[in-house]
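Everything below concerns the one structure shown next.
In the numbering used here, the protein residues as written are 32 to 157.
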């Protein structure tokens, strides 16, 4: 693949309680705890994994302007993450786990947030 064939990241929106906020990077990471259900009688020599408890970690980061994002750690918000123009997106209820503010003399202030799900999550279509 030639360098000119690489696709830039999609534009996306992150809505928090229905209000759009800007982030340069966002990551939606669902996962399931793996449970080993192997049995030496029925599956000798093989690990048989089954899905256990499911969880979701959402992270977002980018430039920060003081007062621009009025959220707090430990608070619960409705989050919507959807690439621009896509029919597929994600909506979930999540608790803000961490907020990290940093400052760089050349690039200015930045913020990173980590959110954990606080109820079932899935796919938003449309």
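A virtual CB, placed ideally from N, CA and C, is assigned to each residue, including glycine.
Practice task
Determine the burial state of residue 113: buried for a count of at least 16 other Cβ atoms within 10 Å of its Cβ, exposed for fewer.
Solution key: Burial state of residue 113 is buried, judged by a 10 Å Cβ sphere holding 16 or more other Cβ atoms.
Exercise for the section: Specify the secondary structure class of residue 68 as computed by DSSP and reduced to three states. Expected result: Coil at residue 68, not helix or strand.
Exercise for the section: Look at the alpha carbon of residue 92 and the alpha carbon of residue 81, and state the distance between them as a whole number of angstroms. Expected result: About 33 angstroms.
Practice task
Tell me whether residue 74 sits in a helix, a strand or coil according to DSSP, three-state version.
Solution key: Coil, per DSSP.
Exercise for the section: Return yes when at least one heavy atom of the ligand GTP lies under 8 angstroms from the C-beta of residue 146, else no. Expected result: Questions concerning the ligand GTP fall outside what the structure shown contains, since it holds no ligand whatsoever.
Problem - Contact belief for residue 86 with residue 124 at Cβ below 8 angstroms, rounded distance in angstroms - result: That belief does not hold up - the Cβ atoms of residue 86 and residue 124 are roughly 13 angstroms apart, past 8 angstroms.
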